[in-house]
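S.K.: Chains as they are written, first to last, in my numbering: chain A, 1143 to 1440; chain B, 15 to 136; chain C, 18 to 340; chain D, 2 to 609.
Backbone N, C-alpha and C define an ideal beta-carbon position, used for all residues, glycine too.
Given the structure is predicted, the values throughout are model-derived calculations rather than measurements.
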Amino acid sequence: MEIPYAVKPRPDTGLYNAKLGIWLFLASEVMLFGGLFSSYILLRVGADLWPHGMVSIPVGTFNTFVLIASSVTVVMSWASLKLGRLGDFKKYMALTIACALGFLGVKSFEYHAKFTHYDVWFKDAATAEKYFKAAYGEEKGVEAARKLFVERFHLHNTKAVYEANQVQLPGHLEGNPLFATHRSLASAKKETFQFTPDAPFGTHDHPKPIEVKLSDVERLSAYVPKHSTYFAIYFTITALHGLHVLGGAIVLAYFLFTANTWWKKNPEQLANRVEVGGLFWHFVDLVWIFLFPIIYLL
Amino acid sequence: MSHDHSSSHDPSHVDHNSPEYIQKTIKKYLAVGGILFGGTVLTVAMYYVHIPSVFWTVTIALLIATVKAGFVAAVFMHLSDERKMIYGVLICTVFFLIGLMGLTLWAMNDFPFFTLVDGKPA
Amino acid sequence: MQSTTFLEQLKQGFMPILASEHGKDVDYFILIIHWLMAALFVGWMAYFCYALFRFRKSANPKADYVGAKGTLANNAEIAVVIVEAVLLIAFAIPLWAKAVEEFPKESNATVMRLVAEQFSWQARYPGKDGVFGKQELKFVSDKNPLGYVEKDPAASDDRLSPPKDIHVPLIPIELDERNKRKPLSDEQKKVLKEVAEPYDNNKNGQLDTNEREKLTANDHKKLKDAGIALTFKPVIIHLTTKDVIHSFKVTAVRMTQDCMPGMSIPVHFTPTRVGKFNITCAQLCGNGHASMNALFVVDSPEDFDKWLAERTTSAAGGAPSFE
Amino acid sequence: MQSTTTTTTLDTHDHAPHHDPGFLRSYVFSTDHKVIGIQYGFTALMFLLFGFLLVMCMRWQIAKPGVPIPLVSGLLESLLGDVAKGGVMSPDLYNSFGAMHGTIMVFLAIVPLAFAAFGNFVVPLQIGAVDMAFPRVNMVSYQCFAGGGVVMFVSFFIPGGAAQAGWTSYSPLATIVPTHGQTFWLIGMVLLITSSLLGAVNFIATVIQLRAPGMTWMRMPFFVWTQFVTAFILLLAFPPLEAAGILQLVDKVLGASFFLPTGLVVSGKLYDVSGGGSPLLWQHLFWFLGHPEVYVLILPAMGVVSEIIACNTRKPLWGYKSLVYSVLAVGFVSFIVWAHHMYLTGMGTKISTFFQTTTMIISIPSVIILTCLFMSLWGGSIRFNTPMLFALAFLPMFGIGGLTGLPLGFNFSDLHLHDSYYVIAHFHYVVAPGTIFALFAGVYFWYPKMTGRYMSETLGKIHFWGSLIGMNLVFMPMFFQGLYGMSRRMSDGGATYALSNAANEGVVTALTGTVIKMNVFITHAAFLLLLAQIPFIINVFMSMFNGKKVESDNPWQATTLDWQTPTPPPHGNFTKEIVVHRGPYEYSVPGHPTDFTPQNAPEPKLVK
Ligand code: HEA
Ligand code: HEA
Ligand code: CUA
Ligand SMILES: [Cu+2]
């Protein structure tokens, strides 16, 4: 028994099954990411403060280029098959997969940097002030911390006065641990920890590490979903997108490695499969095209 | 299993699968790749130029993204000459997507007038 | 302890006792929809039984390829459309707008903040100054779970109900019905005074709840002609919750409103009789959901004042604000 | 019309693939749509029974709060531990059972039965296809479903028990409840949604691509149309819930706060999250699926009923075209009515006017569908066999359920009815005596095609009358309880609000004795309903072996293609080339020799 129109298009619809199937699947993906984007918009519009500049634009731009390149190579690999050039197909497909791995590599590097970057919130204004001064110097300390805060939340135009204890101090913990929290430090029986604050805004200084008493700290969080709604949505959407990249790469790799067999058996079907895989791949690229400005730039 | 190696004989399809046609489209793909790179550079440049109005920043960024996405869909995904059936599916999807986003946004902003104002009459 | 018999309940029309002004409309609206539904149901069932009987195989061995002709079905469908449109446009939308969105002025109403938490209710009254004391999250502690600013002068006369015991006063007022519930004009005040004179024991030129009951049909007519509505002071409740979603439902008032975390949602209604009613929590909120009841007591003004005088101000508990 | 008078029992060696595929391949990892359909059906029926048993425990607790459940108290205590101490349901257990009853019934019983099981078995047959467009995807979607079912089932036995926040799983409660049951629920839902999405893609592709020659859109049986629209609803409405499920999972597991606002104070302590989320957002995403989902529950049922009514009145469906357009309209509009579940979340007049209007609009195609089915009876020659009885009973039952949707659909009356037993009664009338009856009808109707044997008519009729009476006795009183102010999800059946409760001394609107006594009555009726299912279970299993053998491949003398195959249909379905010549319901065509003309029969010789 054989399923009709698995390879050749059905005359009245002009489509072969898998092509219709993938478009239907993409329609559902549009709704999936649509749901996430709606959530993003609503949460952001409803938020009092929304941070900016928390992710590196050059890195994001680089990844955007990588994904665009992979989109070009994947469509070229399909065209090569159509032209009967199996060798070219393999070359382009390998490039595509290399791009995918490159993208994921950069992404995991980005993630790692976030997981080891911390914000510290202090118990009260007086304590906070003490540490700001220790971090950035007696005179400019409070001002520098406040400046970091103002830049993070783009607060240039508001007249609001932010109390010192609302200003968090960003930086790194000694030994760059992943996912440390107030509780994990406390249960490690630490009374103090070493904290290297970030450079003051607009400089490349290297502030000296300061010694922070755990009992002075209200909350301590790495840049993980629990940190804030911003990071929660950032990680959720990009991780889901990353999973799509991974899944797509696996499927494309499968096509690459079984290409010889298929080429002998049924080249048209191979081309169809690559077209369908490519459609998925372009969609993943398309999602990123929106993600990049929304998450990195706006 | 079919062992037919030749491309489709369906007359309406012939040119879409012929080597000449494909050769031509390859040029198109490369051009679109260029446009996408350019669009990305533009978006990033816009960020560094710093447009003062939030509204315009968002609008322009999304506009560029939409244009880029349009190219990907139309050319890479061959949507520019796809079958009716697929347009039908996508039109439904867009309709419902707009419903989801639009109505939710509307609903979240339409409250009796002093709902969120700390219980004090506005 | 008492129990109502089925018949008594039937007399009541399967709707619980009513204690609010807009509730009349709710009940009436529910009633007419059910009449419509009953008409449709009975009509179709009659047809259904007849068709099944007449066209059973033994009676009609040979089916008719064409089947039903005529426009009965279309007419029925069009009728449904029209009735639904009327219900929607003439009733549901305007009634909702009035009952839910058209708020009375806070200065003319009894105002309170009602806070729900797992699994209790507590009300806070602003006191004479009509202003609630401030709250700030940074004051949150075990003793002061909602962060009241204790030194805020506005808080000094705020009053807190005991958990699960919420009171509102039933204060008779008169309004100009024709002029969208505005206060009475001088002329109307004169008419009212005339009508009230014979009953007005405390000589305040008004009719309190008991006195209103003595009015004759003629008196009512006079008031109506002058466009005077005898009503009660409306109540505005700002609903909030400390933890999960709860829902404020007072059956007697025909009012349900979810309490959403992070929001303060106002509802308003006009009570029409004194009595003890139940507040039901109508949104699943955890294992104590079923027992998250509270008394909703509509008091006479005197009883209410007495009750309120016994209440204290306390920083602990009460409604959070979300600024 | 060859195969109408003889049974073609196929010799496996002639038509099946060249080698025997073995047990695992034929029954467990099968890619044959019929086997997958039966797998779905069987699993779903098990869950249906399980969901019913859960609600029986709840009904006991409602009627006799605090009294150990008879028969199963020991079992519950030993399986579930403290939450069922002494065999009494704790409120926690009640909430778990309630949430899981809703979830199981909707996502693990009715959807798989109505959509996946009947859809799989019947749709390819009815359109003359050899199988689904993607047989392997079909298998995977069953496996995802089974995986989701296992996760849901296992969650009962983990410490803390299954999800407790209702089938709607509203945040913050769902996030705050200290049990991992909610995490299991979310993972299970993600699997179930994935399964439905794969299924939907497959169904739509099959219907579009694999219709037999001559099977034009307007010649498709109405059942295929309903499945087609259902598949679209699943395809486009489910993903936002999947998104929401993922977000809630991140809240629950990683401590984010998508649905948690700032400043929650739980048990006297500031809740340790960053805040800034919105509980309303969850509700929007949930109901964006939730409402279309109810049409997923009802449309296939309407399809089944239409097939059976056409066949057993021996005449074409009245208004086939209006049926098709109505079902398309329902599909479209179902996406923009969702917030009628949220009138009382503090919505403004403008937006609720919009949703009321769409809600009223969507009731109109439902009215048209029902009208067409009612009118189809006129002029028929009605055979009252068991499938037909269930199909006929569907009509008034759905009518009651649908009509009582109207007072809920107006926000002004919802003010009183929201979250009361009136809502429970409304939707149970649609899904229980509505959808379940249609599905029973379908089982009785297609059973002969699946097994080559009829189900027993006697047992069937006992089942029918028992169920019809039972269902009405269970759900009709709930309308009155609801009107009278009894709230749903009450683990004590409203005892807190009863007049008989000393704390309610002088409370004039406390629940009267009659309302409370109805609880007991309903529970008894539910027990009767349970008893009425026994003949059905016996019937399903016994008839496989000693049911009456069918005398032909087309035992009901039906016109659609599913009956023009051997019994049971072999791998590949049809033994001859299928070409469709006419519409789906050519019964009693004047001048034709028989009172049915199959879709694929060549033009018959007319008799004078
Ligand atoms: C299959 C399931 C199903 C179906 C088909 C429907 C159909 C409808 N539902 Fe229902 N509904 C649910 C399942 C369903 N519902 C569920 C599960 C809930 C509760 C969820 C929860 O909170 O847990 C719910 C809740 C619910 C609410 C929210 C109530 C609340 O929480 O306060 C509302 C409000 O608008 C509503 C409205 C409607 C309407 C207007 C229809 C319309 O589509 C109905 C249209 C049909 C008709 C109008 C009947 C037409 C028939 C005739 C005219 C012929 C008459 C003939 C005879 C009677 C013989 N439903
Ligand atoms: C499709 C959905 C569906 C179905 C079919 C049912 C069916 C039933 N439901 Fe349920 N119910 C819900 C969906 C459903 N329910 C939902 C969504 C809720 C809300 C949950 C919440 O609050 O979150 C709810 C809540 C709910 C409540 C309210 C609980 C509360 O608020 O506290 C009650 C109370 O009586 C109830 C009762 C029943 C009963 C008696 C049935 C009976 O009709 C059951 C009848 C069952 C059968 C007739 C099965 C017969 C089949 C077999 C016996 C299988 C045979 C097997 C083989 C042959 C292998 N349900
Ligand atoms: Cu509070 Cu239910
Ligand atoms: Cu709905």
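DSSP state of C:Met-272, grouped into three classes?
M.R.: Residue state, collapsed to three classes: strand.
S.K.: Measuring CB to CB, does D:Ser-488 end up less than 8 Å from D:Asp-420?
M.R.: Against a cut-off of 8 Å, the Cβ pair of D:Asp-420 and D:Ser-488 comes out as a contact.
S.K.: Exposed or buried, which one is C:Asn-235 when buried takes at least 16 other CB atoms within 10 Å?
M.R.: Label assigned to C:Asn-235: exposed.
S.K.: Does the beta-carbon of C:Ile-296, which I'm using as the reference point, lie nearer than 7 Å to any heavy atom of ligand 2?
M.R.: Because no heavy atom of ligand 2 lies under 7 Å away, the Cβ of C:Ile-296 does not count as near it: no.
S.K.: Under 8 Å Cβ-Cβ, which residues of chain B neighbour A:Ala-1169?
M.R.: Within chain B, the residues near A:Ala-1169 are Val-103, Leu-104, Cys-106 and Thr-107.
S.K.: Ignoring anything shorter than 4 residues or poking outside the region 101 to 165 of chain D, list the alpha helix (DSSP H) runs there in chain order.
M.R.: List check, alpha helix (DSSP H) in window: 119 to 127 and 136 to 155.
S.K.: Does any residue of chain D bring its CB to less than 8 Å from the CB of A:His-1348?
M.R.: No, no contact with chain D.
S.K.: At 8 Å on the CB atoms, spell out the chain B contacts of A:Arg-1435, in chain order.
M.R.: Here residue 1435 of chain A turns out to be Pro, not Arg, going by the sequence shown. Those are Thr-57, Ala-75, Leu-76, Ile-78 and Ala-79, listed as they occur along chain B.
S.K.: For ligand 2, is there a heavy atom less than 7 Å away from the beta-carbon of D:Ser-74?
M.R.: Every heavy atom of ligand 2 is 7 Å or more from the Cβ of D:Ser-74, so no.
S.K.: Under the criterion of a Cβ to heavy atom distance below 7 Å, does D:Val-1 qualify as lining ligand 4?
M.R.: Nothing about residue 1 of chain D can be reported from this structure: the residues present for chain D run from 2 to 609 only.
S.K.: List the endpoints of the continuous alpha helix (DSSP H) containing D:Ser-79.
M.R.: Per DSSP, D:Ser-79 belongs to the alpha helix (DSSP H) from 74 to 81.
S.K.: For A:Phe-1204, which residues of its own chain have a beta-carbon under 8 Å away from its beta-carbon, when the five flanking residues on both sides are left out?
M.R.: If we look at A:Phe-1204 and ignore the five residues flanking it on each side, its Cβ neighbours are Val-1248.
S.K.: Would you please verify whether the beta carbon of B:Ile-65 is less than 8 Å from any beta carbon of chain A?
M.R.: No, B:Ile-65 lies away from the interface with chain A (no Cβ there is under 8 Å from its Cβ).
S.K.: Output the distance between the C-alpha atoms of A:Ala-1268 and A:Asp-1358, rounded to the nearest integer angstrom.
M.R.: Approximately 10 Å, taken between the alpha carbons.
S.K.: Give the DSSP-derived three-state secondary structure of A:Ile-1145 in the structure shown.
M.R.: In this structure, A:Ile-1145 counts as coil in the three-state DSSP scheme.
S.K.: For the beta strand (DSSP E) holding D:Trp-339, just list the boundary residues, first then last.
M.R.: Segment: none, D:Trp-339 is in no beta strand (DSSP E) and carries neither H nor E.
S.K.: Output, in chain order, the set of chain A residues within a Cβ distance shorter than 7 Å of B:Phe-51.
M.R.: Within 7 Å Cβ-Cβ: Phe-1207 and Ile-1210.
S.K.: Give me, in chain order, the residues of the same chain whose beta-carbon lies closer than 7 Å to that of D:Leu-126; leave out the 5 immediate sequence neighbours on both sides.
M.R.: Answer for D:Leu-126: Leu-562, Asp-563, Thr-566, Pro-570 and Asn-574, listed in chain order.
S.K.: Is the beta carbon of A:Lys-1351 less than 8 Å from the beta carbon of A:Glu-1316?
M.R.: According to the sequence as given, residue 1351 of chain A is Pro; it is not Lys. Yes, the pair counts as a contact, with Cβ atoms nearer than the cut-off.
S.K.: How big is the Cα-Cα spacing for B:Ile-112 and A:Gly-1176?
M.R.: Spanning the two alpha carbons is a distance of roughly 9 Å.
S.K.: Along the alpha helix (DSSP H) that carries A:Ala-1268, what are the first and last residues, could you check?
M.R.: Run containing A:Ala-1268: 1267 to 1278, per the alpha helix (DSSP H) assignment.
S.K.: Closer than 7 Å, Cβ to any Cβ of chain C: which residues of the region 318 to 331 of chain D, in chain order?
M.R.: Cβ contacts with chain C: Trp-319.
S.K.: For ligand 2, is there any heavy atom lying closer than 7 Å to the beta carbon of D:Ile-111?
M.R.: It does: the Cβ of D:Ile-111 is within 7 Å (strictly closer) of some heavy atom of ligand 2.
S.K.: From the beta carbon of B:His-125, is the nearest beta carbon of chain A less than 8 Å away?
M.R.: Looking at the sequence shown, residue 125 of chain B is not His but Phe. Chain A, which has no Cβ nearer than 8 Å to the Cβ of B:Phe-125, makes this no.
S.K.: Could you check whether the Cβ of A:Lys-1224 sits closer than 8 Å to any Cβ belonging to chain B?
M.R.: Yes, its Cβ sits closer than 8 Å to a Cβ of chain B.
S.K.: Could you tell me whether any Cβ in chain A is nearer than 8 Å to the Cβ of B:Lys-82?
M.R.: True, the Cβ-Cβ gap to chain A drops below 8 Å.
S.K.: Rounded to a whole number of angstroms, what is the C-alpha to C-alpha distance between D:Gly-486 and C:Ala-269?
M.R.: Their backbone Cα atoms lie some 9 Å apart in a straight line.
S.K.: Under the DSSP definition of a beta bridge, which residues are partnered with C:Ile-245?
M.R.: Per DSSP, C:Asp-193.
S.K.: Between B:Phe-90 and chain D, is any beta-carbon pair separated by less than 8 Å?
M.R.: Not one chain D Cβ lies under 8 Å of B:Phe-90.
S.K.: Need the endpoints of the alpha helix (DSSP H) that C:Gln-205 sits in, please.
M.R.: Note, C:Gln-205: alpha helix (DSSP H), 203 to 213.
S.K.: Tell me which residue opens and which closes the alpha helix (DSSP H) that A:Gln-1336 is part of.
M.R.: No alpha helix (DSSP H) holds A:Gln-1336; the beta strand (DSSP E) holding it covers 1334 to 1339.
S.K.: Please tell me whether D:Trp-168 and D:Val-266 are closer than 8 Å, where the distance is taken between their beta carbons.
M.R.: No. Outside cutoff.
S.K.: Helix, strand or coil for D:Leu-407? Go by DSSP, reduced to three states.
M.R.: DSSP places D:Leu-407 in helix when its eight states are reduced to three.
S.K.: Please confirm if D:Arg-315 has its CB atom under 8 Å from at least one CB of chain C.
M.R.: It does: the Cβ of D:Arg-315 has a partner Cβ on chain C nearer than 8 Å.
S.K.: For ligand 1, is there any heavy atom lying closer than 7 Å to the beta carbon of D:Ile-363?
M.R.: Yes, Cβ of D:Ile-363 sits closer than 7 Å to a heavy atom of ligand 1.
S.K.: Are A:Leu-1311 and A:Pro-1342 touching if we call contact CB-CB under 8 Å?
M.R.: It is not a contact, given that the beta carbons lie outside the stated cut-off.
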